[in-house]
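Here is the structure we will look at.
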Amino acid sequence: MGRPGGPGRDHRGRLYRRHDRPLRARGASAPYRSFRSRIVFPMPEDLFARARAELLRAVTETYPALPEAATSRIEIAPARAPEHGDMASNAALSLAGALGLKPREIAGALAAALARSSLFAGAEPAGPGFINLRLKPDTLRGEIAEILRAGASYGKSERGAGRRVNVEYVSANPTGPMHIGHCRGAVVGDALANLLAKAGYEVTKEYYINDAGAQVEALAWAAYWRYLEALGQPVPAEEFSAIVPGGLQYRGDYLIPIGAALADRYGKTLVGEPPTPETIAMIREFAVREMMQAIREDLALLGVVPDVFTSERALFEAGAVDEAITDLREMGLIYEGILEPPKGKLPEDWEPREQTLFRAREFGDETDRPLRKADGTNTYFANDIAYHADKIRRGAEILIDVWGADHGGYVRRMQAAVGALSARRVPLEVILCQIVHVVRGGKPVRMSKRAGSYITLRDLIEEVGRYAVRFTMLTRKADAQMEFDLDQAVAQTRENPVFYVQYAHARCRSVLRAAAEMLGAEAVADGTLAKTALDPLEAGAELAVIRRLVSFPRTVEAAAEAREPHRIAFFLYDLAGDFHILWNRGREDSSFRFLNMGRPAETHARLALVAATAVVIRAGLNILGVTPVEEMR
RNA sequence: GCACCCGUAGCUCAGUUGGAUAGAGCGUCGGCCUCCGAAGUCGAAGGUCAGAGGUUCGAGUCCUCUCGGGUGCGCCA
Numbered sequence: 001m002g003r004p005g006g007p008g009r010d011h012r013g014r015l016y017r018r019h020d021r022p023l024r025a026r027g028a029s030a031p032y033r034s035f036r037s038r039i040v041f042p043m044p045e046d047l048f049a050r051a052r053a054e055l056l057r058a059v060t061e062t063y064p065a066l067p068e069a070a071t072s073r074i075e076i077a078p079a080r081a082p083e084h085g086d087m088a089s090n091a092a093l094s095l096a097g098a099l100g101l102k103p104r105e106i107a108g109a110l111a112a113a114l115a116r117s118s119l120f121a122g123a124e125p126a127g128p129g130f131i132n133l134r135l136k137p138d139t140l141r142g143e144i145a146e147i148l149r150a151g152a153s154y155g156k157s158e159r160g161a162g163r164r165v166n167v168e169y170v171s172a173n174p175t176g177p178m179h180i181g182h183c184r185g186a187v188v189g190d191a192l193a194n195l196l197a198k199a200g201y202e203v204t205k206e207y208y209i210n211d212a213g214a215q216v217e218a219l220a221w222a223a224y225w226r227y228l229e230a231l232g233q234p235v236p237a238e239e240f241s242a243i244v245p246g247g248l249q250y251r252g253d254y255l256i257p258i259g260a261a262l263a264d265r266y267g268k269t270l271v272g273e274p275p276t277p278e279t280i281a282m283i284r285e286f287a288v289r290e291m292m293q294a295i296r297e298d299l300a301l302l303g304v305v306p307d308v309f310t311s312e313r314a315l316f317e318a319g320a321v322d323e324a325i326t327d328l329r330e331m332g333l334i335y336e337g338i339l340e341p342p343k344g345k346l347p348e349d350w351e352p353r354e355q356t357l358f359r360a361r362e363f364g365d366e367t368d369r370p371l372r373k374a375d376g377t378n379t380y381f382a383n384d385i386a387y388h389a390d391k392i393r394r395g396a397e398i399l400i401d402v403w404g405a406d407h408g409g410y411v412r413r414m415q416a417a418v419g420a421l422s423a424r425r426v427p428l429e430v431i432l433c434q435i436v437h438v439v440r441g442g443k444p445v446r447m448s449k450r451a452g453s454y455i456t457l458r459d460l461i462e463e464v465g466r467y468a469v470r471f472t473m474l475t476r477k478a479d480a481q482m483e484f485d486l487d488q489a490v491a492q493t494r495e496n497p498v499f500y501v502q503y504a505h506a507r508c509r510s511v512l513r514a515a516a517e518m519l520g521a522e523a524v525a526d527g528t529l530a531k532t533a534l535d536p537l538e539a540g541a542e543l544a545v546i547r548r549l550v551s552f553p554r555t556v557e558a559a560a561e562a563r564e565p566h567r568i569a570f571f572l573y574d575l576a577g578d579f580h581i582l583w584n585r586g587r588e589d590s591s592f593r594f595l596n597m598g599r600p601a602e603t604h605a606r607l608a609l610v611a612a613t614a615v616v617i618r619a620g621l622n623i624l625g626v627t628p629v630e631e632m633r
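Read in this note's numbering, the first sequence has 259 at position 259, and its numbers run on one by one without any break.
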């Protein structure tokens, strides 16, 4: 426990470190002021982008009069089946309408035009009008050198063009330890932020501290209750509950140390019957600081380190809520009125009431939304409007919020508010994370050692490890419910994707270690292998790995655009599978082994492939926030 | 009652954002270790993509409706 701090300031000087800056200066946008933000690094173009450019050249040569819009739907993608070559394009199918020709005919003409290509060894019309493309072997193999030269930056894209994205995630209430429900959002948000950064966006990772509502008052009372207990004057929970506005809530053991710390520091000076509002306010600040510290530590265990923490209370006290509402009022979007009652069965105590309302309907919501409660204080929505206004003011061009699925009903109104605040210029995208059911041996797990009713994040990490938690949480789409199987997360078999991917990386490193023993470290360095001749690589299993490797950059771009980090996890699982197949080929037939001292040229080429595989696995795991292992033992 | 999310093999889930013959793992059955890590790998069986319409060259994917599961629905956050 730290030293006592003044109001609004963390006792370690970190909690509210940055919230005030954006409020003060309009153009400062501190979190975004990065010298790198608009610099475009020269980067070798992705193989698929080069292939598409080549294809478009053939299209414009063959059909010079085509309007630009007609070519925009032309795509080039990895072939689905080996007999389709390396890549396939829908060019002829998508141009058929504009040209008024049969797809097969167009495909034939384009295939003929591509015969002179420097990239392709073959182009054939197929099926209803696809063009199947076979790369020159050197084109494909040459990418291994690109991967080895690029190293960790392989797959980096300029798709985001430095656009400023604010990703807000976790934002767990500072009223208790992080539990399993927060975990998925934390992992998904963090991986998404990494993914967007990889795709060329300028990303801020943000945490919103809900330290202003009734729940932190309840926290203060609960801490006071534990304080009395620590003083040796315990009050039975039911008895104490009677004097607490709204009743005693947070009864978990985690507040015991906070009560003890208060007793330690203040002796009996805080005791009152009842305690004064000032005392409760002071305890509230103390408890929130401690809870946030605990949350930061839990997040750190998970490897999550937000760039910015913004305090709801600090925003409110700085007048941001009034300011935002005034802005909306000036736009004519605020009025006093009475809402239609909800359809169907009414809440028992429903009665018509005049309220301060925001015209959310003008921005796509189904009804207008209240900003003030009956007692005149702000609704949570009003505070959230101010918070999102703050993010916009700080320079965010895209807002992404990662929420739990129970907030699904809140999406429309928040999008409406952001639309209003930004004159429809800033999109708010909301990723809803569905619930996670933890199971062990096929049976649901509920109890926690610490919190009484939840599985805490700490419990989960202690049981299966940070990396298994992160990777496993990313093996499902965020918007689908998932089961988290504790047995599977630690299993050392293929059914555990984390293990399977790590094992592939460890095997790569194992081969490279063995090679270093025989050939010297210099010979197996990435830089050396990048220069080696690659033409001995021609086996199907080898080419399959290379095809997978070269699809990494486009996978990164597609995943980033779809805001779906789980695609990276699946990519890695597939890549690991391709590599394990190749490995096993060497077990069945020793001529496929990576190391064969009698054939140095072959060995060097294969080592380059192994090294490139390790590079891409590392780059992918890096996005997911998982550290690759050198060996499994 | 309304809104949002989901429905794919016995189970848990992918499906490259509308492309060709819908794929993995687990489970079941049967193969592969003198050799870089068998913690791996190969094969078999398993499907009316909940159902019905629609959009178009083409639908698991988009639209409408129905059924089923989940989450919400002024004065909680």
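Yeah, the Cβ is synthetic: ideal placement off N, Cα and C, and Gly gets one too.
Opening and closing residue of the beta strand (DSSP E) in which residue i lies
i	result
Asp401	Ile398 to Gly404
Pro137	Element bounds for Pro137: not the beta strand (DSSP E) but the alpha helix (DSSP H), Pro137 to Ala150.
Met87	Met87 to Ser89
Pro103	Unbroken run through Pro103 is the alpha helix (DSSP H), Pro103 to Ala113; no beta strand (DSSP E).
Pro536	It is not in any beta strand (DSSP E) - Pro536 carries neither H nor E in the DSSP assignment.
Thr175	Element bounds for Thr175: n/a, residue is neither H nor E.
Thr310	Val308 to Ser311
Ile74	Unbroken run through Ile74: none, as it is neither H nor E.
Local Cβ density within 10 Å of residue i, reported as buried at 16 or more and exposed below that
i	result
Tyr169	buried
Ile338	exposed
Ala223	buried
Tyr335	exposed
Ala91	buried
Ile623	buried
Glu45	exposed
Asn584	exposed
His407	exposed
Gln233	exposed
Thr175	buried
Phe35	Residue confidence for Phe35 is low, a pLDDT of 37 falling below 50, so the modelled location carries little weight and cannot support an answer.
Trp350	exposed
Gly185	buried
Endpoints, the alpha helix (DSSP H) within which residue i is located
i	result
Ala197	Ile180 to Lys198
Glu61	Leu47 to Thr62
Leu302	Pro277 to Leu302
Pro427	That residue, Pro427, is in no alpha helix (DSSP H); it is neither H nor E in DSSP.
Arg164	Taken as a continuous stretch (DSSP letters only), Arg164 belongs to no alpha helix (DSSP H), being part of the beta strand (DSSP E) at Arg164 to Glu168.
Pro628	Note, Pro628: premise wrong, no alpha helix (DSSP H); not H, not E.
Phe570	His566 to Glu588
8 Å Cβ shell around residue i - same chain, five flanking residues per side excluded
i	result
Glu429	Ile398, Leu399, Ile400, Asp401 and Arg563
Arg633	none
Own chain residues within Cβ distance below 6 Å of residue i, not counting five before or after
i	result
Arg606	Phe594
Ser422	Ile392
Ala324	Ile385, Ala386 and Ala389
Ala576	Tyr500, Val501 and Ala504
Arg24	With a pLDDT of only 28 at Arg24, under 50, the local geometry of the prediction cannot be trusted, and the value read off the model is given with reservation. Cβ neighbours of Arg24 beyond the five flanking positions: none.
Leu621	Pro628
Arg361	Asp368
Beta-carbon proximity list for residue i, same chain, < 7 Å, skipping 5 on both sides
i	result
Gln492	Phe499
Val629	Gln502, His505 and Ala506
Ala539	Phe592
Gly625	Asp190, Ala191, Asn194, Gly303 and Arg470
Glu206	Asn166, Val167, Glu168, Pro306, Asp307, Val308 and Thr310
Arg226	Leu255, Ile256, Ile258 and Gly259
Could you pull out every unbroken beta strand (DSSP E) segment of at least 3 residues lying fully inside the stretch 453 to 527, listed in chain order?
482 to 485, all fully within the stretch 453 to 527.
Could you pull out every unbroken beta strand (DSSP E) segment of at least 3 residues lying fully inside the stretch 335 to 389, listed in chain order?
Within the stretch 335 to 389, the runs of beta strand (DSSP E) at least 3 residues long that lie entirely inside it are, in chain order, 354 to 358.
In the stretch 200 to 264, which residue ranges form an unbroken beta strand (DSSP E) of at least 3 residues, counting only runs that do not cross its ends?
Fully enclosed beta strand (DSSP E) runs of 3 or longer: 202 to 209.
Counting beta carbon pairs with one atom in the stretch 156 to 168 and one in the stretch 283 to 296, are three or more of them shorter than 8 Å?
For the pair of segments examined, the stretch 283 to 296 was found not to touch the stretch 156 to 168: the number of CB pairs separated by less than 8 Å stays below three.
Taking three-plus beta-carbon pairs below 8 Å as touching, is the stretch 465 to 478 in contact with the stretch 567 to 574?
Yes, they touch.
Counting pairs of Cβ atoms below 8 Å between the stretch 493 to 513 and the stretch 213 to 223, do you hit three or more?
No: the two stretches stay apart, fewer than three of their Cβ pairs being nearer than 8 Å.
Can you confirm whether the stretch 181 to 192 touches the stretch 141 to 151 when touching is taken to mean that 3 or more C-beta pairs between the two stretches lie within less than 8 Å?
Taking 8 Å as the limit for Cβ pairs, the verdict is that the stretch 181 to 192 does not touch the stretch 141 to 151.
The stretch 170 to 177 in contact with the stretch 290 to 304 per 3-pair CB rule at 8 Å:
These segments touch.
Check whether the stretch 47 to 64 touches the stretch 72 to 79, taking contact to mean three or more Cβ pairs, one atom from each stretch, closer than 8 Å.
Taking a contact to require three or more Cβ pairs closer than 8 Å, the stretch 47 to 64 and the stretch 72 to 79 qualify as touching.
Assess, as a yes-or-no matter, whether the stretch 82 to 97 is touched by the stretch 128 to 138 under the definition of 3 or more beta carbon pairs within less than 8 Å.
Counting C-beta pairs with one atom in each stretch, the stretch 128 to 138 and the stretch 82 to 97 have three or more that are closer than 8 Å, which means they touch.
Hey, which unbroken runs of the alpha helix (DSSP H) at 4 residues or more fall wholly within the stretch 590 to 627?
Listed in chain order, they are 600 to 624.
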